[in-house]
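As structure tokens, the structure follows; a few thoughts come after it.
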Amino acid sequence: MDRTYDVLVVGGGAAGLSAGLALARARRAVLVVDAGAPRNAPAGHVHNYLGREGTPPGELLADGRAELTGYGGEVMTGRAVLAESLDGQPDGTRFRVELADGRSVLARRLLIATGLVDELPDIAGLAQRWGRDVLHCPYCHGWEVRDQAIGILATGPMATHQALLFRQWSPDVTLFQHTAAPLGADEREQLAARGIPVVPGEVVALEVADDRLTGVRLRSGEVVPRQAVAVLPRFTARAELLAPLGLEPTELRVDGHVAGSYVPADPTGATSVPGIWVAGNVADVRAGVINAAAAGLNVAAAVNADLVAEDTRRAVAEHRRGAGSSAVPAGTPAGSSLTESSAAEPFSAELERELSERVLGDRRHGW
Numbered sequence: 001m002d003r004t005y006d007v008l009v010v011g012g013g014a015a016g017l018s019a020g021l022a023l024a025r026a027r028r029a030v031l032v033v034d035a036g037a038p039r040n041a042p043a044g045h046v047h048n049y050l051g052r053e054g055t056p057p058g059e060l061l062a063d064g065r066a067e068l069t070g071y072g073g074e075v076m077t078g079r080a081v082l083a084e085s086l087d088g089q090p091d092g093t094r095f096r097v098e099l100a101d102g103r104s105v106l107a108r109r110l111l112i113a114t115g116l117v118d119e120l121p122d123i124a125g126l127a128q129r130w131g132r133d134v135l136h137c138p139y140c141h142g143w144e145v146r147d148q149a150i151g152i153l154a155t156g157p158m159a160t161h162q163a164l165l166f167r168q169w170s171p172d173v174t175l176f177q178h179t180a181a182p183l184g185a186d187e188r189e190q191l192a193a194r195g196i197p198v199v200p201g202e203v204v205a206l207e208v209a210d211d212r213l214t215g216v217r218l219r220s221g222e223v224v225p226r227q228a229v230a231v232l233p234r235f236t237a238r239a240e241l242l243a244p245l246g247l248e249p250t251e252l253r254v255d256g257h258v259a260g261s262y263v264p265a266d267p268t269g270a271t272s273v274p275g276i277w278v279a280g281n282v283a284d285v286r287a288g289v290i291n292a293a294a295a296g297l298n299v300a301a302a303v304n305a306d307l308v309a310e311d312t313r314r315a316v317a318e319h320r321r322g323a324g325s326s327a328v329p330a331g332t333p334a335g336s337s338l339t340e341s342s343a344a345e346p347f348s349a350e351l352e353r354e355l356s357e358r359v360l361g362d363r364r365h366g367w
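First residue of the sequence shown: 1, per UniProt numbering; consecutive thereafter.
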């Protein structure tokens, strides 16, 4: 592509579209490149999004794209596969991003909003139910499974916390020990106090009938009836694009357990590489849809301020150059400059004759 954008946003989810909208309204040339694989695609509805409660995820994104393009922003379907730095370009271009189909995009700033991947335990039937009756966040889906028989699949140290949270939505919660470390005495007491039984043994499959979850099957063959299962996946940042630019994700650890990864940034979303910013789940694994959208707005404001500062520096430099070249003798034709010829040949006879004619007129040498 021939055009250089002020900002290229990689990722067209809530964070990316929110950032793109704010930048378009700031009259920036902004392009959002989206691979079309949103993390929440399996979910039926978006929740806790004030004013849009219960909106299907696809509808929310379609509305966001329409709002962005309505202000002059652009959206392109494609998968970014390579990014490289072009620092030092006279027009301020700093990055080139190549897409899987061979197209490339030039931009002054990069805003990465690629989100994360939910890596699920390898249990038969689990991935197929993800976002439906296999869940992870009670605030996202607790209301929809209220008063149902809920199973908590323990895969790490947060299992007890997750079980106690879901107990707020249902009196029938069971914790499956699965592959997690043995529970401590305090955890067992807390679970017992809240009426949450603990089932030992490894879970090997989910039982499904008529496209509905009916139970959890253990390696022993026992099936425990359940209507929903909650599990904490590993939250892995989609950050492969940033590795060639010197940005690697950081492991997120909880009580020594690797819970995922994220790209570190300061509170404005700026990374350690100048000109690259992050927003949404790629930087914050805990962000819900509304949090990601808010982060996109905040980061967009910071990116625009950074561009304003650069634009101002360049304008000041141009202004100073213009002020310096304006100090030419009266009568100099518009657009002409002594600076260019003097730089090429500072003490030539031709320059002296030209200068004498401009300054002295009829009083020049030889008259």
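Note that beta-carbon positions come from the ideal geometry of N, C-alpha and C, so glycine has one too.
Short Cβ contact (8 Å threshold) for residue i with residue j
i, j, result
"GLY151", "ARG234", "no"
"VAL289", "VAL46", "yes"
"ILE112", "VAL10", "yes"
"GLY275", "ALA19", "no"
"LEU218", "GLY246", "no"
"GLY142", "PRO171", "no"
"ALA180", "ALA205", "no"
"ASP306", "ARG27", "no"
"GLY58", "GLY280", "no"
"VAL263", "PRO249", "yes"
"LEU213", "VAL229", "yes"
"GLY269", "ASN298", "yes"
"VAL216", "VAL208", "no"
Helix, strand or coil at residue i [DSSP, three-state]
i, result
"ASP186", "helix"
"VAL303", "helix"
"TRP130", "strand"
"ALA270", "strand"
"TYR5", "strand"
"TRP169", "coil"
"PRO38", "coil"
"ALA205", "strand"
"VAL308", "helix"
"TYR49", "coil"
"ASP118", "strand"
"GLY78", "coil"
"THR69", "helix"
"residue 371", "Absent from the model: residue 371. The displayed extent of the chain is 1 to 367, so no value can be given."
"PRO225", "strand"
"VAL263", "coil"
"ARG146", "coil"
"VAL199", "strand"
"VAL282", "helix"
"ARG217", "strand"
"LEU106", "strand"
"ARG212", "strand"
"LEU86", "coil"
"residue 368", "Lying before the first or after the last residue shown, residue 368 is absent from the chain, which here runs from 1 to 367."
"ALA287", "coil"
Selected residue, minimal CA-CA separation from residue i, among the options
i, options, result
"GLN162", "ASP147, GLU187 and ALA83", "GLU187"
"PRO38", "ASP311, ALA292 and ARG321", "ALA292"
"GLY156", "LEU116, LEU232 and HIS319", "LEU232"
"GLU98", "LEU8, GLY256 and ALA62", "LEU8"
"residue 382", "LEU191, ALA35, GLN177 and ALA154", "The first residue shown for the chain is 1 and the last is 367, placing residue 382 beyond what the model contains."
"ASP101", "ASP87, LEU191 and ARG79", "ARG79"
"residue 369", "ASN40, LEU116 and ARG94", "The structure shown does not extend to residue 369, since the chain spans only 1 to 367, so no value can be given for it."
"LEU191", "PHE176, VAL203, THR93 and ALA205", "PHE176"
"VAL32", "VAL105, THR93, GLY44 and ALA26", "VAL105"
"GLU144", "ARG28, LEU126 and GLN168", "GLN168"
"LEU68", "GLY51, VAL30, GLY92 and GLU59", "VAL30"
"ARG103", "PRO182, ALA301, VAL224 and ARG3", "ARG3"
"THR236", "GLY221, ASP255, VAL254 and ALA259", "ALA259"
"VAL278", "VAL254, PHE166, ARG253 and ALA239", "ALA239"
"PRO42", "VAL117, GLU222 and SER261", "VAL117"
Residue environment, residue i, which counts as buried when at least 16 other CB atoms sit within 10 Å
i, result
"GLY13", "buried"
"PRO197", "exposed"
"VAL316", "exposed"
"ASP6", "buried"
"PRO138", "buried"
"LEU50", "exposed"
"ASP63", "exposed"
"HIS319", "exposed"
"ASP87", "exposed"
"ASP284", "buried"
"ARG65", "buried"
"ARG313", "exposed"
"VAL254", "exposed"
"LEU82", "exposed"
Proximity test, residue i beta-carbon vs the ligand PLP heavy atom, cut-off 7 Å
i, result
"GLU310", "As presented, the structure is devoid of all ligands, the ligand PLP included, so that no description of it is given."
Strand pairing of residue i, partner residues [DSSP]
i, result
"TRP277", "LEU111 and ALA270"
"ALA43", "In the DSSP output, where bridge partners are listed per residue, ALA43 has none listed."
"LEU153", "PHE176 and VAL231"
"VAL254", "HIS257"
"ALA237", "LEU116"
"PRO59", "Checking the displayed sequence, the identity of residue 59 turns out to be Glu instead of Pro. For GLU59, which the question treats as bridged, DSSP gives no partner whatsoever."
"LEU242", "Looking at the DSSP assignment, LEU242 forms no beta bridge with any residue, so it has no partner."
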